[in-house]
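Order-wise, the sequence lines are chains A and B. In this text, residue positions in the first sequence follow UniProt numbering: the first is 1, and each later residue adds one. In this text, residue positions in the second sequence follow UniProt numbering: the first is 1, and each later residue adds one. Idealized CB from N, CA, C, for every residue including glycine. Working notes for the structure below.
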Amino acid sequence: MNRHLISAGDLTKDDALLILDTAEELARVSERSIKKLPTLRGRTVVNLFFEDSTRTRISFEAAAKRLSADVINFSAKGSSVSKGESLKDTALTLEAMGADAVVIRHGSSGAPHRLATWVRGSVVNAGDGTHEHPTQALLDAFSMRRRLGGLDGRRITIVGDVLHSRVARSNVLLLATLGADVTLVAPPTLLPVSVGSWPCEVSYDLDAALPKSDAVMMLRVQKERMNAAYFPSEREYSRRYGLDRDRFAKMPDEAIVMHPGPMNRGMEIAAEVADSPRSTIVEQVANGVTIRMAVLYLLLGGETVA
Amino acid sequence: MSESRAVLEGPDIHRALTRIAHEILERTKGAGEVVLLGIPTRGATLARRLGDRIEQFEGVKIPVGSIDITMYRDDLRLKPARPLGRTELPPDGIDGKTVVLVDDVLYSGRTVRAALDALNDLGRPTSVQLATLVDRGHRELPIRADYVGKNLPTAKSEKVKVYLEETDGREAVLLIKEGAK
Numbered sequence: 001m002n003r004h005l006i007s008a009g010d011l012t013k014d015d016a017l018l019i020l021d022t023a024e025e026l027a028r029v030s031e032r033s034i035k036k037l038p039t040l041r042g043r044t045v046v047n048l049f050f051e052d053s054t055r056t057r058i059s060f061e062a063a064a065k066r067l068s069a070d071v072i073n074f075s076a077k078g079s080s081v082s083k084g085e086s087l088k089d090t091a092l093t094l095e096a097m098g099a100d101a102v103v104i105r106h107g108s109s110g111a112p113h114r115l116a117t118w119v120r121g122s123v124v125n126a127g128d129g130t131h132e133h134p135t136q137a138l139l140d141a142f143s144m145r146r147r148l149g150g151l152d153g154r155r156i157t158i159v160g161d162v163l164h165s166r167v168a169r170s171n172v173l174l175l176a177t178l179g180a181d182v183t184l185v186a187p188p189t190l191l192p193v194s195v196g197s198w199p200c201e202v203s204y205d206l207d208a209a210l211p212k213s214d215a216v217m218m219l220r221v222q223k224e225r226m227n228a229a230y231f232p233s234e235r236e237y238s239r240r241y242g243l244d245r246d247r248f249a250k251m252p253d254e255a256i257v258m259h260p261g262p263m264n265r266g267m268e269i270a271a272e273v274a275d276s277p278r279s280t281i282v283e284q285v286a287n288g289v290t291i292r293m294a295v296l297y298l299l300l301g302g303e304t305v306a
Numbered sequence: 001m002s003e004s005r006a007v008l009e010g011p012d013i014h015r016a017l018t019r020i021a022h023e024i025l026e027r028t029k030g031a032g033e034v035v036l037l038g039i040p041t042r043g044a045t046l047a048r049r050l051g052d053r054i055e056q057f058e059g060v061k062i063p064v065g066s067i068d069i070t071m072y073r074d075d076l077r078l079k080p081a082r083p084l085g086r087t088e089l090p091p092d093g094i095d096g097k098t099v100v101l102v103d104d105v106l107y108s109g110r111t112v113r114a115a116l117d118a119l120n121d122l123g124r125p126t127s128v129q130l131a132t133l134v135d136r137g138h139r140e141l142p143i144r145a146d147y148v149g150k151n152l153p154t155a156k157s158e159k160v161k162v163y164l165e166e167t168d169g170r171e172a173v174l175l176i177k178e179g180a181k
């Protein structure tokens with residue numbers, strides 16, 4: 001495996017399966033009364049968060065702590081960054097403090113890639129701009145594999161704001177590697193120009209895609225990034241691309257519903273769909289800790305190439 | 001070039017396990033509170049075989065599980081991260097039981113030390129014993145086996161390889177001499 005985890009596209013099928021299989025074994029640790037392993041004792045993991053995030057940061061923190069690593073949380077608000085420090089200087093500071101891994105979330109696409117050239121430790125991308133969020137894709141794949149039994153030949157439909165979604169891009173890349181057939185469904189205004197080169201199908205019609213889906217992943221409408229008129233009104237978006245009860249009924253009986261969270265109930269997903277037993281939304285959070293443990297173990301657990 | 005010699009063949013392994021099963025029964029007075037925990041991969045296979053034999057001899061079904069020690073190893077940083085094995089505890093757990101750890105080869109004792117650490121996080125057994133198919137010596141820690149299939153004097157330069165039907169499709173214990181040109 002690579003020393004860093006920047007893009008889901010960097011993972012080979014063997015890498016991805018190793019992470020998922022490792023997570024499968026680590027999931028049992030979460031069921032024990034002592035949920036801690038001594039594996040990363042003496043290693044330091046820095047959570048470097050330039051963007052607000054609750055679940056991803058807590059998830060990485062829990063994962064690192066369960067492996068006995070020391071965790072330093074660094075959020076841009078109220079830090080030296082607000083005094084004008086550059087990413088490079090922040091990175092060099094962390095380096096001097098002896099960080100073995102840096103988990104970074106940044107508003108700019110490519111920031112983790114840049115960071116990886118400055119630090120000696122491993123860099124884990126926890127979301128960069130509208131680019132990628134590989135651990136989310138891994139935990140989604142893990143959740144799907146647990147529910148569906150396997151991913152080869154499974155039909156996954158990803159619905160919503162693909163343009164601003166780092167989750168969608170990472171999922172498409174990873175799921176294609178794992179042999180699943182991915183269909184993106186979104187209004188044309190919320191699809192990136194480059195989508196034609198992605199390893200997936202594209203459709204504008206949610207109702208046509210639903211009956212052929214083993215899993216449907218709803219993406220959050222990212223209001224904070226809606227700086228132009230991407231769709232006429234929230235109501236219209238919800239009517240055409242929201243997963244309501246009637247659409248839910250069109251899905252095959254065994255098909256599951258996913259959402260990376262945080263969700264806007266009533267907007268992209270109806271409350272009763274989100275709370276249905278076929279929804280994996282809460283499982284995805286628990287699986288997030290497990291998959292991040294697997295990633296940290298595989299990046300930091302063995303000998304480190306300095 | 002390396003040359004290898006079979007020190008145990010299929011029937012020898014069979015007999016050794018039969019004897020260990022009898023010894024466990026004898027030493028634990030009927031294996032009432034015994035839990036067998038194998039160290040993956042081959043230790044887990046051996047634990048299952050011992051469990052089957054004890055059931056045959058005395059008609060008692062004793063709990064069998066496996067305990068992966070990868071995350072507890074002291075040499076993790078010497079090699080790239082390894083894939084994990086399976087830890088599977090019997091439903092009743094190990095609290096208050098006599099745990100018999102089962103491994104294929106006992107060498108430095110470091111694997112067993114890691115297993116003892118792992119056990120510590122899983123529960124509190126009354127006592128812990130150790131069964132091994134081959135004891136090849138060269139201990140680096142104060143650890144000894146309670147049940148030994150075969151004591152095999154070896155040189156540190158030699159390797160001992162255990163093959164079992166379930167994982168390798170054949171039954172043998174080989175002693176491999178490295179470097180004989």
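With fewer than 16 other Cβ atoms from the protein chains shown falling within 10 Å of its own Cβ, B/Ser2 counts as exposed. In this structure, the alpha-carbon of A/Lys77 lies about 47 Å from that of B/Ser66. By the beta-carbon neighbour count (other beta carbons within 10 angstroms, threshold 16), A/Gly98 is exposed. Spatial neighbours of B/Pro125 in its own chain (CB-CB distance under 6 Å, excluding positions within 5 residues in sequence) are listed in chain order as Ile94, Lys97, Val99. Distance check between A/Phe248 and each of A/Glu224, A/His113, A/Lys212 places A/Lys212 closest, using alpha-carbon atoms only. Under the Cβ distance rule, A/Arg3 does not count among the residues neighbouring chain B, no pair being separated by less than 8 Å. Contact annotation: A/Val81 and A/Asn47 have beta-carbon atoms that are not nearer than 8 Å. Contact between the region 16 to 23 of chain B and the region 173 to 186 of chain A is absent: fewer than three C-beta pairs spanning the two stretches fall below 8 Å. When the alpha-carbon of B/Lys156 is set against those of B/Glu178, B/Asp121, B/Arg73, the nearest one is in B/Glu178.
The three-state reading of DSSP puts B/Arg5 in strand, counting E and B together.
By the CB criterion at 8 Å, A/Arg105 and A/Ser53 fall inside the cutoff.
Taking the C-beta atoms as reference points, B/Ile69 is found no nearer than 8 Å to B/Leu25.
Classified as buried, A/His259 has 16 or more neighbouring CB atoms from the shown chains inside 10 Å of its CB. Rounded to whole angstroms, A/Gly242 and A/Arg225 show a C-alpha spacing of 19 Å. Annotated three-state conformation of A/Tyr230 is coil, per DSSP.
Separation of the CB atoms of A/Val295 and A/Thr135 is rounded to 6 Å, and the pair is thereby assigned contact status at 8 Å. Boundaries of the beta strand (DSSP E) around B/Lys150: 147 to 151.
A straight line joining the alpha-carbon of A/Lys13 with that of A/Tyr237 spans about 36 Å. DSSP places A/Met293 in the uninterrupted alpha helix (DSSP H) bounded by 281 to 300. Under the three-state reduction of DSSP, A/Met144 is assigned to helix. At a Cβ-Cβ threshold of 8 Å, A/Glu268 and A/Gly160 count as neighbours.
Listed by position along chain B, the residues whose Cβ is nearer than 7 Å to that of A/Pro134 form an empty set, because the closest Cβ is around 17 Å away. Inter-segment contact for the region 141 to 152 of chain A and the region 192 to 207 of chain A is absent: fewer than three beta-carbon pairs are separated by less than 8 Å. Taken through DSSP and simplified to helix, strand or coil, B/Gly65 comes out as strand.
For B/Asp135, the enclosing beta strand (DSSP E) stretches over residues 127 to 135. Contact between the region 111 to 122 of chain B and the region 70 to 79 of chain B is present: three or more C-beta pairs spanning the two stretches fall below 8 Å. Residue contact check for B/Thr87 against chain A: a CB pair falls below 8 Å. Below the 8 Å Cβ cutoff, chain A contributes no neighbours of B/Ala145, its closest Cβ being approximately 25 Å away. Per DSSP, the unbroken alpha helix (DSSP H) holding B/Arg49 starts and ends at 42 to 58. One Cα belongs to B/Pro80, the other to A/Met1, and the distance between them is close to 9 Å. Among the residues of the region 49 to 83 of chain B, those with a Cβ less than 9 Å away from any Cβ of chain A are Asp68, Thr70, Met71, Tyr72, Arg73, Leu76, Arg77, Leu78, Lys79, Pro80, Ala81, Arg82, Pro83, in the order of the chain. The beta-bridge partner set that DSSP reports for A/Met218 consists of A/Val159. The DSSP assignment places 101 to 106, 122 to 128, 155 to 159 as complete runs of the beta strand (DSSP E) inside the region 80 to 160 of chain A, in order along the chain (cut-off: 3 residues). For the pair of segments examined, the region 82 to 98 of chain A was found to touch the region 114 to 128 of chain A: the number of CB pairs separated by less than 8 Å reaches three. Residues of chain A whose Cβ lies closer than 8 Å to the Cβ of B/Asp95 do not exist; the shortest such Cβ separation is about 10 Å.
The Cβ neighbour count for B/Gln56, taken over all protein chains shown within 10 Å, is under 16; the residue is labelled exposed.
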